[in-house]
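Enquirer: So in my numbering, spot 252 of the sequence shown is number 255, and the numbers just go up one at a time.
Could you have a look at this structure, given as structure tokens, before my questions?
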Amino acid sequence: MSIKIKELFTLSFKKPGLSQEESGLEEKKKAVSEKLEAAFSRAESLEILNANSKWEDANLLVKPLAQDCLKLYLMLNDKNPGLESNDLQKAVAEVTNVPAKLKLKLEYILNFERSTSFLEAKDLERTEGLFTSFLNDLERLFSKKKRAEWNTALSKQKRIWNLQFLTLFIVLFSVSSGTFYYKIRFPKLASTDIRIYALNEENPGVRLEHSAFSKINVSENGNWVTYEFIWDAPILAGQLRIDPTEQARIRIQLKELQLFDEKGSLVFSHSFIWGADLLPENKFQYGSIHELKNSGKPFPGKEIELESLGTDPALHLLLPRSQKIKKATLVIRHTEIKNQFK
4 MSIKIKELFT LSFKKPGLSQ EESGLEEKKK AVSEKLEAAF SRAESLEILN
54 ANSKWEDANL LVKPLAQDCL KLYLMLNDKN PGLESNDLQK AVAEVTNVPA
104 KLKLKLEYIL NFERSTSFLE AKDLERTEGL FTSFLNDLER LFSKKKRAEW
154 NTALSKQKRI WNLQFLTLFI VLFSVSSGTF YYKIRFPKLA STDIRIYALN
204 EENPGVRLEH SAFSKINVSE NGNWVTYEFI WDAPILAGQL RIDPTEQARI
254 RIQLKELQLF DEKGSLVFSH SFIWGADLLP ENKFQYGSIH ELKNSGKPFP
304 GKEIELESLG TDPALHLLLP RSQKIKKATL VIRHTEIKNQ FK
């Protein structure tokens, strides 16, 4: 039964009505499926017994497993599997057009079903592989039968459901992965910290207790904002580390930094602008830069624009001399990388 394109776009959760013959085929498929599962389980038990050198117990499994294989073979050839040993052998012999790859295996299994001899370890290990191989052949034959002679309206409907589910999964996966990629590639501006660390010769390392922070105001996305940074107590600073965001792929533009002592007096000011030589003005006041790159074209007098490359971007600013500071203000603006500052 072929599937029409139109049927793939028709949603139906009801099982189709089956004729008496189709109902019989569905019952037969269920019986074969259960029998196959039981036979594979028994073959696995034989493998475990062999691996543990339990030869007597393994011998007890050989004849029942051979009968399982023969009955499955008869079921797949539309023969009666509910037969005793002699009739089972006769029924198998009556099956015509046996595939060449099954014929030799079938002869061995018939011998095992007839035999009452005790099998040695070497023979049992060969037997284990034979049964597994034969069951795999029967499983492939079963799959072919389900697609051909044993195909029913329910089989067709199940294939339609599978295709519909697969199509839905692909669509949802494509949408979700596209959305995820877009969020990674073009993250939305978040209210992360802007943090300034006060560093000096005695404490050159980055320590949280030597920092002050302010949250990015996302409602002012793209606009200039003056942020305040206040230390708990005056702190000696010879240089500053400025972390302008905690997000990757954010566009940043800095305008001015001012430092104040505990009396509120301005002790240092720095403008982040391009000089006439298209290098940062007061370029010798800049230290190392981490996870940041220039963004936009430099023009004399224009504020420096940067793009964050990782989640820990930072730039260092060297002060002319060490001095105690209590407060800093930073004029800066942020926006998503897809946007341009106006």
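All C-beta atoms in this analysis are idealised placements derived from N, C-alpha and C, irrespective of residue type, glycine included.
Give the secondary structure of G267 by DSSP, where H, G and I count as helix, E and B as strand, and everything else as coil.
Expert: Here the question's residue 267 lines up with position 264 in the sequence shown. The answer is coil: DSSP assigns G267 none of H, G, I, E or B.
Enquirer: Check whether the segment 201 to 220 and the segment 264 to 278 are in contact - that is, three or more C-beta pairs closer than 8 Å.
Expert: With the cut-off at 8 Å, the segment 201 to 220 and the segment 264 to 278 do not touch.
Enquirer: Residues in its own chain within less than 8 Å of E116 by CB, not counting five upstream and five downstream?
Expert: Looking up residue 116 in the sequence shown gives position 113. Cβ within range, chain order: K66, A69, Q70, L73, S88, L91, Q92.
Enquirer: Using CA atoms only, rank isn't needed, just tell me which of S120, Y185, A240, R210 is closest to R252.
Expert: Locating residue 252 in the sequence shown gives position 249, where the first residue counts as 1. Ranking S120, Y185, A240, R210 by Cα distance to R252 puts Y185 first.
Enquirer: Taking the alpha helix (DSSP H) that A46 falls in, what are its first and last residues?
Expert: Residue mapping note: residue 46 aligns to position 43 of the sequence shown, counting from 1. From DSSP, the alpha helix (DSSP H) with A46 extends over 23 to 54.
Enquirer: From F172 to R45, what distance separates their C-alpha atoms?
Expert: The residue given as residue 172 occupies position 169 in the sequence shown. The residue given as residue 45 occupies position 42 in the sequence shown. If I take the Cα positions, the gap works out to 36 Å.
Enquirer: Going by alpha carbons, who is nearest to D126 out of N53, N203, A317, F287?
Expert: Mapped onto the sequence shown, residue 126 falls at position 123. Residue N53 is the option with its Cα nearest to D126.
Enquirer: Whose CA, out of T135, A151, E59, lies closest to the CA of T119?
Expert: Translated into positions along the sequence shown, residue 119 becomes position 116. Nearest option by C-alpha distance: E59.
Enquirer: Is F137 closer than 7 Å to K108 when the C-beta atoms are compared?
Expert: In the sequence shown, the residue the question calls residue 108 occupies position 105. In the sequence shown, the residue the question calls residue 137 occupies position 134. For K108 and F137, yes; Cβs fall inside 7 Å.
Enquirer: In angstroms, rounded to a whole number, what distance separates the CA positions of S48 and V95?
Expert: Your numbering for residue 48 matches position 45 in the sequence shown. Your numbering for residue 95 matches position 92 in the sequence shown. Going from the Cα of S48 to the Cα of V95 covers about 25 Å.
Enquirer: With 16 other CB atoms within 10 Å as the buried threshold, where does T229 fall?
Expert: Within the sequence shown, numbered from 1, the residue matching residue 229 stands at position 226. Counting Cβ neighbours within 10 Å, T229 comes out exposed, since fewer than 16 surround it.
Enquirer: State the start and end residues of the unbroken beta strand (DSSP E) segment that holds V98.
Expert: As a position in the sequence shown, residue 98 is number 95, starting the count at 1. Premise fails: V98 is in no beta strand (DSSP E) and is neither H nor E.
Enquirer: Use the C-beta contact count for R336: other C-beta atoms within 10 angstroms, 16 or more gives buried, fewer gives exposed.
Expert: Locating residue 336 in the sequence shown gives position 333, counting from the first residue. Classification for R336: buried.
Enquirer: May I ask you to list the residues that DSSP assigns as paired with F168?
Expert: Numbered from its first residue, the sequence shown carries residue 168 at position 165. None; F168 has no bridge partner.
Enquirer: Could you name the residues of the same chain whose beta carbon sits closer than 8 Å to that of K345, not counting the 5 residues immediately before and after it, in chain order?
Expert: Residue 345 sits at position 342 when you count from the first residue of the sequence shown. Here the set comprises G225.
Enquirer: I want to know whether the segment 305 to 325 touches the segment 230 to 250 - three or more CB-CB distances under 8 Å.
Expert: A contact exists between the segment 305 to 325 and the segment 230 to 250.
Enquirer: Assuming M1 contacts A34 under a Cβ cut-off of 8 Å, what Cβ separation, rounded to an integer in Å, is found between them?
Expert: Because the chain spans 4 through 345 in this model, residue 1 falls outside it and cannot be assessed.
Enquirer: Select from T338, L318, K17, Q343 the residue whose C-alpha is nearest the C-alpha of Q160.
Expert: Numbered from its first residue, the sequence shown carries residue 160 at position 157. Of the candidates T338, L318, K17, Q343, the one whose C-alpha sits nearest the C-alpha of Q160 is K17.
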